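Worksheet: one structure, shown below.
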Amino acid sequence: MPQERFPSTGSTNLRIGAAVARIEGLYAALRTAGPGIRRDRLLAELEEAARRLAAMTGAAAQGHGTPPAQSRRGRRRALAARGAAWIIARTGRR
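Take the sequence shown: its position 61, counted from the start at 1, is 280 in the working numbering, and no numbers get skipped.
See below:
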């Protein structure tokens, strides 16, 4: 069976992994930053990165959405969505 018949999820998974890595890097930088403008900028970047991750995973930032899929990647995607929602709720400035 030709592979063109099935949509590739590899690139989506790579983008989600990159978004998670970005959040981890921003969080590590935030932990070492003292009070001031740099910390505020890092918080804003962290919130934006979490919003991008939430959009990628297809989850609403407010709720938990649908139950996680039974595959390992589906569970990771659901966990990433929950983490993004938590970051947005914690750093949100409305």
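Think of the CB as a built atom: it goes at the ideal place given N, C-alpha and C, for glycine as much as any other residue. The structure displayed is predicted, hence computed values, not measured ones.
Taking its Cβ as the centre, do 16 or more other Cβ atoms sit within 10 Å of residue i, making it buried, or is it exposed?
| i | result |
| --- | --- |
| Glu266 | buried |
| Leu272 | buried |
| Ile256 | exposed |
| Arg296 | buried |
| Ala238 | buried |
| Thr276 | buried |
Could you check which residue in the options has the C-alpha nearest to that of residue i?
| i | options | result |
| --- | --- | --- |
| Trp305 | Ser290, Ala269, Thr276 and Arg296 | Ala269 |
| Arg234 | Asp259, Ala299, Ala308 and Thr251 | Ala299 |
| Arg241 | Arg309, Gly311 and Ala303 | Ala303 |
| Thr310 | Ser230, Gly236 and Leu249 | Leu249 |
Within a Cβ cutoff of 8 Å, which residues of the same chain sit near residue i, ignoring the five residues on either side of it in sequence?
| i | result |
| --- | --- |
| Ala245 | Reading off the sequence, residue 245 comes out as Leu, not Ala. Counting only Cβ-Cβ distances below 8 Å, and skipping sequence neighbours, we find Leu261, Glu264, Leu265 and Ala268. |
Considering only residues of the same chain and omitting the five flanking positions on each side of residue i, which have a CB-CB separation below 7 Å?
| i | result |
| --- | --- |
| Ala252 | Arg258 and Leu261 |
### Ranges of the alpha helix (DSSP H) found wholly within the region 223-277, counting only runs of at least 4
Correct list: 229-251 and 256-276.
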